[in-house]
Amino acid sequence: MEMGFHIFLALLASQAVWAGAEEAGAEECVPGFQEKKYQVQYNGGFQKDQPLLQVLFDDCAGNEDVVFEVSNPDFLIDENLNLVAQGDVVSSGAVLFIHGLSPHADDMAQVDVIGAPARPPHTAQVNGIKIARHMPASRLRRSLLAPDMYVIENGRAPFPRIIGKIIPNELRSDHTFRLSGMGADGDPVGVFSINRYTGEVSVTRSLDREVIPIYRLQVSTVDLSGHLVEGPAPLEISVVDQNDNRPIFTELRYSGEVLEGSPTGTTVMTMTAVDADDPNTDNAVLRYNIIRQSPDKPSPNMFYIDPERGDIVTVISPSLLDRETLPTTTYELEIVAKDMAGLEVGLKGTATATITITDRNDHAPEFTHSLFQAIVDEGSTGVVVNLTVDDRDDPATGAWRAIYSIINGDPNQSFEITTNPDNNEGMLSVIKPLDYESRAHHTLLIKVENEEQLVPDVGYGTSSTATVTVTVLDVNEGPVFYPDPMVVTKEENISVGSFVALLNATDPDHRQNQSVRYAIVRDPAGWLNVHPERGAVNTTAVLDRESPFVHNNQYRAVFMAYDNGHPPATGTGTLVITLQDVNDNAPTLYPSVVRVCEDAKELNVFTLSGRDKDISPNGEPFKIELAKQNGLDKTWRTTRINSTHSEVMLLHSLKRANYLLPLVVADSGEPSLSNSLEVKVQVCTCKKNRMDCNGVGSLRSGLLPLLIATITILLSTLSL
Numbered sequence: 011m012e013m014g015f016h017i018f019l020a021l022l023a024s025q026a027v028w029a030g031a032e033e034a035g036a037e038e039c040v041p042g043f044q045e046k047k048y049q050v051q052y053n054g055g056f057q058k059d060q061p062l063l064q065v066l067f068d069d070c071a072g073n074e075d076v077v078f079e080v081s082n083p084d085f086l087i088d089e090n091l092n093l094v095a096q097g098d099v100v101s102s103g104a105v106l107f108i109h110g111l112s113p114h115a116d117d118m119a120q121v122d123v124i125g126a127p128a129r130p131p132h133t134a135q136v137n138g139i140k141i142a143r144h145m146p147a148s149r150l151r152r153s154l155l156a157p158d159m160y161v162i163e164n165g166r167a168p169f170p171r172i173i174g175k176i177i178p179n180e181l182r183s184d185h186t187f188r189l190s191g192m193g194a195d196g197d198p199v200g201v202f203s204i205n206r207y208t209g210e211v212s213v214t215r216s217l218d219r220e221v222i223p224i225y226r227l228q229v230s231t232v233d234l235s236g237h238l239v240e241g242p243a244p245l246e247i248s249v250v251d252q253n254d255n256r257p258i259f260t261e262l263r264y265s266g267e268v269l270e271g272s273p274t275g276t277t278v279m280t281m282t283a284v285d286a287d288d289p290n291t292d293n294a295v296l297r298y299n300i301i302r303q304s305p306d307k308p309s310p311n312m313f314y315i316d317p318e319r320g321d322i323v324t325v326i327s328p329s330l331l332d333r334e335t336l337p338t339t340t341y342e343l344e345i346v347a348k349d350m351a352g353l354e355v356g357l358k359g360t361a362t363a364t365i366t367i368t369d370r371n372d373h374a375p376e377f378t379h380s381l382f383q384a385i386v387d388e389g390s391t392g393v394v395v396n397l398t399v400d401d402r403d404d405p406a407t408g409a410w411r412a413i414y415s416i417i418n419g420d421p422n423q424s425f426e427i428t429t430n431p432d433n434n435e436g437m438l439s440v441i442k443p444l445d446y447e448s449r450a451h452h453t454l455l456i457k458v459e460n461e462e463q464l465v466p467d468v469g470y471g472t473s474s475t476a477t478v479t480v481t482v483l484d485v486n487e488g489p490v491f492y493p494d495p496m497v498v499t500k501e502e503n504i505s506v507g508s509f510v511a512l513l514n515a516t517d518p519d520h521r522q523n524q525s526v527r528y529a530i531v532r533d534p535a536g537w538l539n540v541h542p543e544r545g546a547v548n549t550t551a552v553l554d555r556e557s558p559f560v561h562n563n564q565y566r567a568v569f570m571a572y573d574n575g576h577p578p579a580t581g582t583g584t585l586v587i588t589l590q591d592v593n594d595n596a597p598t599l600y601p602s603v604v605r606v607c608e609d610a611k612e613l614n615v616f617t618l619s620g621r622d623k624d625i626s627p628n629g630e631p632f633k634i635e636l637a638k639q640n641g642l643d644k645t646w647r648t649t650r651i652n653s654t655h656s657e658v659m660l661l662h663s664l665k666r667a668n669y670l671l672p673l674v675v676a677d678s679g680e681p682s683l684s685n686s687l688e689v690k691v692q693v694c695t696c697k698k699n700r701m702d703c704n705g706v707g708s709l710r711s712g713l714l715p716l717l718i719a720t721i722t723i724l725l726s727t728l729s730l
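The number in the working numbering is simply the position in the sequence shown, starting from 1, with 10 added.
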């Protein structure tokens, strides 16, 4: 083993013994090595079975069952307490550590191998844990030897306590040691000190490995003037872990689920705890265990936890892991995580795991009765019967929720069945009114199943279907019109008293001998009457297609038919009269007032539109012409633009005044209807695109002003 490792083991044992000795006070026997340090000379190697030295060890109880372990496995302590080589050894290392252990003592001693060369990188073993150590190459080149040192954390007073020694190449009385770096003159300051004259390194207070696991310092020697003589050489001080941190679970409570009937060995969840101690030692090696299961039925060991991984798995057989037969669906486990690989001396932490047994669909829904009965009035709709089922599965899952279907007896799809989400009952409803006269009894076959598929290979009952008989009760139904609506076509303006239609209403209660009578319910224009027994509809007024009660050439009236049952039943029907147009409206012109400019530089033109309440062919195209008056065509001219509009042009200027222009407009009916109209023409003053019609003189009636204007124009022309 390398030198640093040996020093660590020696310090580990020696500090433990020193601490015990200090606590023991002045007792005569101190268990352990009676001498802590030994020396042996290196002369090129050691021969097999050659005794090198004899150690002094006393556990104060007769040294029974004492076991020794040497840091270098090439050596051992024989029965005479001699250090011997187990074979020819060339590379022994500069330091050996001897660990003595009995039920009454646990101590360490150090053997310095004088003149031994440094060993190559190797693996040290501390408390059973292998630790890779590497001697820095720079140390081989330096004359100042600063071996790795070790301090057990949580050390007790008194302090300071020597933990190692620096070996110079040559130490003269005028040379002193100097320690620097982390833990010396660097933060945290003053943790370590060095004897200026002997090179002994001491720790000044208790350390915590979980705060700082390794301190890296530098050591050197200087002369009286402070000049560097040797070094600086790196010094590494490792804090040796103690088991001073108990395992802590990452959660206080864990929750998991496992499906009922799961096979043995099914993983439910994983528990995880952490330990702040050194992960390279048993101090942080955890083992898990279940210490309590509640309830403990049907078995106190229904679950098992993998001691190393923390996986909780099922142990109970699938047949016993039955949610419907277990005393509860929730189990609580108390889990312990213990360090020191689960040894009795290990520290422990606890957590709770709650495991819920979840449901699977291993129970089919079963009808509580094989036959259900319902009674419904004909013509009505709605729920007629509730079908009840039993299901032992979890009501909060699809393994319990029921789906109903009608598999026979409803060819017209008059029924519907839905699930009541509150109680899982099937609600059978009539969605199309039933007719007693057509069928008084209905027999339905209903099937029920779950939302989830049933687990295969399980024996299920045969009661997943039920029969429902529905009895329809006779109700006095109102007469029914046929057709409804009844559509007839008539010309408008037919004479009063004309026949329009013959209503047809029949009583669906054909098993009863009942008579039907008629009456008007709605006749918006008051144009009709109906014979109460025969149902003949006649006019009482002239039908007018242009009436505001007519929409899209149709007039609608509503009639009632009622029987003589007890109580009487009624029905309504609609009569739609499509009115054909007759040319009974003369056309008109729009607008009735127009404006033009006096002294216009360009011709004055305006447009007139023909309008007619009648429709084609009794409406457009319209013919718009000047009235038959002498001289009128000298001032005005009309020109057709399209089938509804014509353009009127003022042929010469008129004085500012109001004029009435006589016109005639005719439609295209056979025979045609015409209308003689006068359009008011305002002659206004127009300046800068503005038309001023205020103060226009009084109205000048038709022909006279126009003749005067025409004569004036003619005279002016002759004078030229």
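From the three backbone atoms N, C-alpha and C, an ideal C-beta is built for every residue, glycine too.
Assign residue i to one of three DSSP states: helix, strand, or coil.
{"i": "Gly352", "result": "helix"}
{"i": "Lys623", "result": "coil"}
{"i": "Lys644", "result": "helix"}
{"i": "Asp122", "result": "strand"}
{"i": "Asp573", "result": "strand"}
{"i": "Asn179", "result": "coil"}
{"i": "Ala243", "result": "strand"}
{"i": "Asn3", "result": "Nothing can be reported for residue 3, as the shown portion of the chain is limited to 11 through 730."}
{"i": "Ala294", "result": "helix"}
{"i": "Asn460", "result": "strand"}
{"i": "Ala347", "result": "strand"}
{"i": "Ser508", "result": "coil"}
{"i": "Asp42", "result": "Looking at the sequence shown, residue 42 is not Asp but Gly. Gly42 falls in the strand class under three-state DSSP."}
{"i": "Ala529", "result": "strand"}
{"i": "Cys70", "result": "coil"}
List the DSSP bridge partners of residue i.
{"i": "His379", "result": "None, per the DSSP bridge assignment."}
{"i": "Val615", "result": "Met659"}
{"i": "Val323", "result": "Thr277, Tyr314"}
{"i": "Pro672", "result": "Glu688"}
{"i": "Arg700", "result": "Lys697"}
{"i": "Thr479", "result": "Gln383, Thr453"}
{"i": "Asp116", "result": "Leu111"}
{"i": "Ser248", "result": "Tyr160, Ile224"}
{"i": "His809", "result": "This structure cannot speak to residue 809, because the chain is shown only from 11 to 730."}
Spatial neighbours of residue i within its chain, please: CB distance less than 6 Å, with the 5 preceding and 5 following residues excluded, ordered by chain position.
{"i": "Ile177", "result": "Leu155"}
{"i": "Gly583", "result": "Phe491, Asp494, Phe569"}
{"i": "Thr368", "result": "Glu267, Leu269"}
{"i": "Asp195", "result": "none"}
{"i": "Thr48", "result": "Looking at the sequence shown, residue 48 is not Thr but Tyr. Excluding positions up to five away in sequence, the list reads Leu63, Val121."}
{"i": "Pro223", "result": "Val249"}
{"i": "Asp624", "result": "Asp591, Asn593, Asn595"}
{"i": "Val485", "result": "Asp387, Glu388, Gly389"}
{"i": "Leu660", "result": "Val606, Asn614"}
Within its chain, find whatever has a CB closer than 8 Å to the CB of residue i; leave out the 5 residues flanking it on each side and keep chain order.
{"i": "Lys500", "result": "Ser508, Val510, Leu553, Ile587, Thr588, Leu589, Gln590"}
{"i": "Pro597", "result": "Gly620, Arg621, Asp622, Gly629, Phe632, Val675, Ala676, Asp677, Leu683, Ser684, Asn685"}
Please report the distance separating the alpha-carbon of residue i from that of residue j.
{"i": "Arg733", "j": "His520", "result": "Residue 733 is absent from the model: the chain starts at 11 and stops at 730."}
{"i": "Met437", "j": "Val394", "result": "8 Å"}
{"i": "Glu246", "j": "Arg226", "result": "5 Å"}
{"i": "Pro170", "j": "Arg182", "result": "25 Å"}
{"i": "Leu111", "j": "Pro83", "result": "16 Å"}
{"i": "Ile416", "j": "Leu512", "result": "44 Å"}
{"i": "Gln564", "j": "Ala535", "result": "12 Å"}
{"i": "Lys698", "j": "Val689", "result": "27 Å"}
{"i": "Pro105", "j": "Glu210", "result": "According to the sequence displayed, residue 105 carries Val and not Pro. Looking at the two C-alpha atoms, the distance is approximately 16 Å."}
{"i": "Leu538", "j": "Leu683", "result": "29 Å"}
Once you ignore the five residues that flank residue i on each side, which residues in its own chain have a CB closer than 7 Å to its CB?
{"i": "Thr360", "result": "Glu344, Ile345, Val346"}
{"i": "Met192", "result": "Tyr225, Arg226, Leu227"}
{"i": "Gly352", "result": "Arg297, Pro317"}
{"i": "Arg555", "result": "Glu502, Asn563, Leu589, Asp591"}
{"i": "Thr339", "result": "Arg333, Thr366, Ile367"}
Quick one: does residue i have its CB under 9 Å from some CB of chain B?
{"i": "Asn628", "result": "No chain B appears in this structure, which consists of one protein chain only."}
| request: For the segment 400–445, list the beta strand (DSSP E) runs that are entirely contained and at least 3 residues long, ordered along the chain. | output: 412–418, 425–429, 436–440
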